[in-house]
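These protein sequence lines map, in sequence, to chains A and B.
Heads up, the first sequence is in the numbering used here, so the first residue is 96 and it goes up one at a time.
Heads up, the second sequence is in the numbering used here, so the first residue is 552 and it goes up one at a time.
Think of the CB as a built atom: it goes at the ideal place given N, C-alpha and C, for glycine as much as any other residue.
A quick note: this is a predicted structure, and the numbers were derived from the prediction, not measured.
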Amino acid sequence: MRLLRIYLLSGLLHLKEHLIYRASLLIWLFSMLLEPVVFMMVWRAVALAEGGSAGGHTQGTLTAYYMTMMVVNHLTFTWIMHEYAYRIREGVLAGQLLYPLHPIHRDITMNATYKLLGLALLIPALLMLGLLLQPEFNIEPWQVLVFLPALALAAATRFLMEWALAQSAFWFIENHSFNQAYYVATMFFSGRVAPISMFPDWLASVSRYLPFWASVAFPVETLLGTLTPDEVVAGLVVQTAWLASFAGFVAWIWSRAIRRFGAVGG
Amino acid sequence: MQLVRVIGVHARIGILKDLQYRVNLAGQLINSALGFLLAIGSILVVFRHTDLLGDWTQTDLIMLIGVFSIVRGFINLFIRPGLEAYLEGVRTGLFDYVLLKPLDSQIYVSIREFRIWSLVDLLTGVGLVAWSSWNGAAGASIGSILLFFVAILAGFAVVMAFWFILGTTAFWFIKVDNIFVIFDSLFQTARWPVTIYPGSIRTLLTFVVPVAWAVTMPAATLAGKMEAHSLWLALLVPAFFIAVSRIFWNIGIRHYSGASA
Numbered sequence: 096m097r098l099l100r101i102y103l104l105s106g107l108l109h110l111k112e113h114l115i116y117r118a119s120l121l122i123w124l125f126s127m128l129l130e131p132v133v134f135m136m137v138w139r140a141v142a143l144a145e146g147g148s149a150g151g152h153t154q155g156t157l158t159a160y161y162m163t164m165m166v167v168n169h170l171t172f173t174w175i176m177h178e179y180a181y182r183i184r185e186g187v188l189a190g191q192l193l194y195p196l197h198p199i200h201r202d203i204t205m206n207a208t209y210k211l212l213g214l215a216l217l218i219p220a221l222l223m224l225g226l227l228l229q230p231e232f233n234i235e236p237w238q239v240l241v242f243l244p245a246l247a248l249a250a251a252t253r254f255l256m257e258w259a260l261a262q263s264a265f266w267f268i269e270n271h272s273f274n275q276a277y278y279v280a281t282m283f284f285s286g287r288v289a290p291i292s293m294f295p296d297w298l299a300s301v302s303r304y305l306p307f308w309a310s311v312a313f314p315v316e317t318l319l320g321t322l323t324p325d326e327v328v329a330g331l332v333v334q335t336a337w338l339a340s341f342a343g344f345v346a347w348i349w350s351r352a353i354r355r356f357g358a359v360g361g
Numbered sequence: 552m553q554l555v556r557v558i559g560v561h562a563r564i565g566i567l568k569d570l571q572y573r574v575n576l577a578g579q580l581i582n583s584a585l586g587f588l589l590a591i592g593s594i595l596v597v598f599r600h601t602d603l604l605g606d607w608t609q610t611d612l613i614m615l616i617g618v619f620s621i622v623r624g625f626i627n628l629f630i631r632p633g634l635e636a637y638l639e640g641v642r643t644g645l646f647d648y649v650l651l652k653p654l655d656s657q658i659y660v661s662i663r664e665f666r667i668w669s670l671v672d673l674l675t676g677v678g679l680v681a682w683s684s685w686n687g688a689a690g691a692s693i694g695s696i697l698l699f700f701v702a703i704l705a706g707f708a709v710v711m712a713f714w715f716i717l718g719t720t721a722f723w724f725i726k727v728d729n730i731f732v733i734f735d736s737l738f739q740t741a742r743w744p745v746t747i748y749p750g751s752i753r754t755l756l757t758f759v760v761p762v763a764w765a766v767t768m769p770a771a772t773l774a775g776k777m778e779a780h781s782l783w784l785a786l787l788v789p790a791f792f793i794a795v796s797r798i799f800w801n802i803g804i805r806h807y808s809g810a811s812a
């Protein structure tokens, strides 16, 4: 109950904070939306070159895939890994530790409010792409029903995973290369470079056990109905397993990390 | 002649500065390797499903990634650091000292900072271009190699002019750090030939945000996809962008009133 009130209040605060930087907000969102559009164009060109369909995807379903990817990527992404080294170095964290609350809660509300504001650009972008490029959605009601919990699990998994990895900043003062390695892995295995089914079969089946797939591509594929009911159940199990592991990992690594913290600034 | 000496001095200072931070070279090597992995991996996945993307083969695209790397290395070697220092200067008033130097301010801003570890990207790019030309990227010949040098120099000029046009807005808006985000995200589109984008976006990437001239054009030249006569455009467009950036800079500079005393 107390936590709920805190979330509400700090949510309102962060909403106002984000709104101060409206221009930056728009620019960041634009750059995030451009990446899936580029890969959408690449795959549409491939489908076109192959007479309308490549690897079982047509131009229309590829467009639908990347439009859904935009939504899911927006709703699940975090920027915590890129910020954490700065937070430690500049003493921002030192201040946050003074609150009688785990700092992760602040990140949760900050992230959630940003997502909410982002919809203001995401929705018009989707409408425009939808009008211009004729996506082919074949969505059945049960897919939507599974999509929502899959999306929630994905967002939670990705948040905890990236929050845990961000703690690496306590060990390496400059963790840019580490973050870059994570970025490359996530580009491939979360279905952003290509739908996982475009990979060679062995790689695709390995990918379906990885947290990258569980935290982004799985909800996308669930909504679009490219998975059989068995695969959907398996995916939900994989997601739950990763979520539980990362929850444990966050608790464990935070208690280690915080012991390494020598306060900077104030 | 004097300009060459000034450039030489600043390059030397830049080298000496970066040699103090040799660990950064390791970071740059890792980042370049990761970027390479992502780019080549994406191309391999795409070419599992097709033999030709537009009229580009897999080897052609690897060459395009090489050109992309070269241009990115060139940008990070001195355009970006120079512009960062300039933006900082406009905000803090240190830009006063740029104006006091007996050298054209626009030229001085663009040559005064060097980050030599970015040469890693540039050399990786050269390696990729050489490897793919050797392995038969469509029509690489002596003629196309010569034209390639012309085209890539023209590409450098366009990119530089474009950065300046973005950067000059600082004279009005003071804090424009986001131009780096804008450019980086738009520049990502250059990892693929502009011909894969639909008409309106292609026009945008050619004439408004000129990434097409910087990467696709030199790569197409080397692969023998360009008619020699259309190279005229490849020279006219940079000239146009440089003229615009020059005029804009001179208008902008009159709005600079100094930030300190």
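Discussion item. Suppose you measure from the CA of Ile203 (chain A) to the CA of Arg573 (chain B); what does that come to, to the nearest Å?
Written reply: So the two alpha carbons sit approximately 38 Å from each other.
Discussion item. Considering Cα atoms alone, identify which of A:Gln262, A:Asn233, A:Leu99, A:Val311 is closest to Arg182 (chain A).
Written reply: With distances taken between CA atoms, Arg182 (chain A) lies nearest to A:Gln262 out of A:Gln262, A:Asn233, A:Leu99, A:Val311.
Fill in: Own chain residues within Cβ distance below 6 Å of Thr675 (chain B), not counting five before or after
The beta carbon of Thr675 (chain B) is closer than 6 Å to those of Ser583, Ser620 in its chain, skipping five residues each way along the sequence.
Worksheet entry | Option nearest Arg535 (chain B) by Cα separation, candidates B:Leu787, B:Val622, B:Ile564 | Beyond the ends of chain B as shown, which are 552 and 812, falls residue 535 (chain B); an answer cannot be given.
Practice prompt. Look at the Cβ atom of Val622 (chain B), then the Cβ atom of Gly706 (chain B), and state whether they are nearer than 9 Å.
Written response: Going by C-beta atoms, Val622 (chain B) is nearer than 9 Å to Gly706 (chain B).
Worksheet item: Taking the DSSP output, what are the residues bridged to His152 (chain A)?
Response: Answer by DSSP bridge pairing, in chain order: A:Ala149.
Worksheet entry | Under 8 Å from the C-beta of Leu129 (chain A): neighbouring residues of chain B | Using a Cβ-Cβ cut-off of 8 Å, Leu129 (chain A) is close to Ser736, Leu737, Gln739, Thr740 of chain B, given in chain order.
Worksheet entry | Close-in-space but distant-in-sequence residues of the same chain around Tyr209 (chain A) (CB under 7 Å, 5 per side omitted) | Result list for Tyr209 (chain A): His113, in chain order.
Worksheet entry | With 16 other Cβ atoms within 10 Å as the buried cut-off, status of Leu298 (chain A) | It is exposed - the Cβ of Leu298 (chain A) has fewer than 16 other Cβ atoms within 10 Å.
Discussion item. Just to confirm before moving on: does the CB-CB distance between Val680 (chain B) and Gly617 (chain B) stay below 9 Å?
Written reply: In this structure, Gly617 (chain B) lies closer than 9 Å to Val680 (chain B) by Cβ.
Discussion item. Please report the distance separating the alpha-carbon of Met711 (chain B) from that of Asn801 (chain B).
Written reply: Note on geometry: alpha-carbon atoms of Met711 (chain B) and Asn801 (chain B) lie some 16 Å from one another.
Practice prompt. Following the continuous alpha helix (DSSP H) through Lys568 (chain B), name the residue where it begins and the one where it ends.
Written response: That run of the alpha helix (DSSP H) goes 553-570.
Worksheet item: Sorted by chain position, which residues of the same chain lie with C-beta nearer than 6 Å to Pro872 (chain B)'s C-beta, five sequence neighbours on each side aside?
Response: This structure cannot settle anything about residue 872 (chain B), because the visible part of chain B is limited to 552 through 812.
Item to complete: Give a yes or no on whether 9 Å exceeds the smallest Cβ distance from Val311 (chain A) to chain B.
Response: Val311 (chain A) does not count as touching chain B.
Discussion item. Less than 6 Å between C-beta atoms, sequence neighbours within five positions excluded: which residues of the same chain meet that for Ala812 (chain B)?
Written reply: Annotation note: pLDDT 47 at Ala812 (chain B) (below 50); position unreliable, no value reported.
Discussion item. Excluding the 5 residues flanking Gly640 (chain B) on each side, which residues of the same chain have their C-beta closer than 7 Å to its C-beta?
Written reply: If we look at Gly640 (chain B) and ignore the five residues flanking it on each side, its Cβ neighbours are Phe646, Val649.
Worksheet item: In terms of alpha-carbon separation, which member of A:Leu108, A:Val167, A:Leu129 lies closest to Val315 (chain A)?
Response: The residue with the shortest Cα to Cα distance from Val315 (chain A) is A:Val167.
Practice prompt. Identify every run of the alpha helix (DSSP H) within the region 677-765 of chain B, keeping only runs that are complete inside it and at least 4 residues long; order them along the chain.
Written response: Complete alpha helix (DSSP H) runs here, min 4: 693-719, 721-724, 729-739, 750-754.
Worksheet item: With a CB to CB cut of under 7 Å and the five nearest residues on each side skipped, what residues in its chain are close to Leu305 (chain A)?
Response: Beyond the five residues adjoining it in sequence on each side, Leu305 (chain A) comes within less than 7 Å, by CB distance, of Phe284 in the same chain, given in chain order.
Worksheet item: So which residues of chain B does Phe356 (chain A) contact, with C-beta pairs closer than 9 Å?
Response: Within chain B, no residue comes near Phe356 (chain A); the closest Cβ sits about 23 Å away, beyond 9 Å.
Worksheet item: What does DSSP give as the partner residues of Leu604 (chain B) in its beta bridges?
Response: DSSP lists B:Trp607 as the bridge partner or partners of Leu604 (chain B).
Item to complete: Could you check how far apart the C-beta atoms of Val709 (chain B) and Thr720 (chain B) are, in whole angstroms? I think they sit under 8 Å.
Response: Contact flag wrong, Cβ pair sits at about 18 Å.
Worksheet item: Taking a cut of 9 Å between CB atoms, which residues from the region 672-693 of chain B lie near chain A?
Response: Answer in chain order: no residues at all.
Item to complete: Could you tell me which chain A residues have their CB closer than 7 Å to the CB of Tyr637 (chain B), listed as they occur along the chain?
Response: The premise fails here: Tyr637 (chain B) is roughly 20 Å from chain A at the closest Cβ pair, so nothing lies under 7 Å.
Worksheet item: In the structure shown, what three-state DSSP assignment does Asn801 (chain B) receive?
Response: Reduced to three states, the DSSP call for Asn801 (chain B) is helix.
Worksheet entry | Alpha-carbon spacing of Gly106 (chain A) relative to Arg351 (chain A), whole angstroms | In a straight line, the C-alpha of Gly106 (chain A) is about 28 Å away from that of Arg351 (chain A).
Worksheet entry | Below-9 Å beta-carbon distance, His561 (chain B) vs any chain A residue | No, His561 (chain B) does not count as interfacial toward chain A.
Discussion item. Alpha carbons only, please: which of A:Leu121, A:His109, A:Lys111, A:His197 is nearest the one belonging to Ile733 (chain B)?
Written reply: The shortest Cα separation from Ile733 (chain B) among A:Leu121, A:His109, A:Lys111, A:His197 belongs to A:Leu121.
Worksheet item: Using a Cβ-Cβ distance under 9 Å, would His271 (chain A) count as near chain D?
Response: Absent here is chain D; the protein component of the structure consists of chains A and B.
Fill in: Distance between Phe791 (chain B) and Ala264 (chain A) (C-alpha atoms, nearest Å)
Going by the C-alpha atoms only, they are around 46 Å apart.
Fill in: Nearest-angstrom Cβ-Cβ length linking Val596 (chain B) and Ala289 (chain A), presumed shorter than 8 Å
Confirmed, about 5 Å.
Discussion item. Within a Cβ cutoff of 6 Å, which residues of the same chain sit near Tyr179 (chain A), ignoring the five residues on either side of it in sequence?
Written reply: Within the same chain, Tyr179 (chain A) has close Cβ partners Ala261, Ala264.
Discussion item. If the criterion is Cβ atoms closer than 9 Å, does the pair Gly155 (chain A) and Glu231 (chain A) meet it?
Written reply: Yes, Cβ-Cβ distance for Gly155 (chain A) and Glu231 (chain A) is below 9 Å.
Discussion item. At the 9 Å Cβ level, is Thr643 (chain B) part of the contact set with chain A, yes or no?
Written reply: Residue contact check for Thr643 (chain B) against chain A: no CB pair falls below 9 Å.
Item to complete: Compare the C-alpha of Val760 (chain B) against each of B:Phe713, B:Thr643, B:Ile703 and name the closest.
Response: For Val760 (chain B), the nearest C-alpha among the options comes from B:Phe713.
Discussion item. Applying the 10 Å Cβ sphere with the 16-neighbour rule, what's the burial state of Ser781 (chain B)?
Written reply: Per the 10 Å Cβ criterion, exposed.
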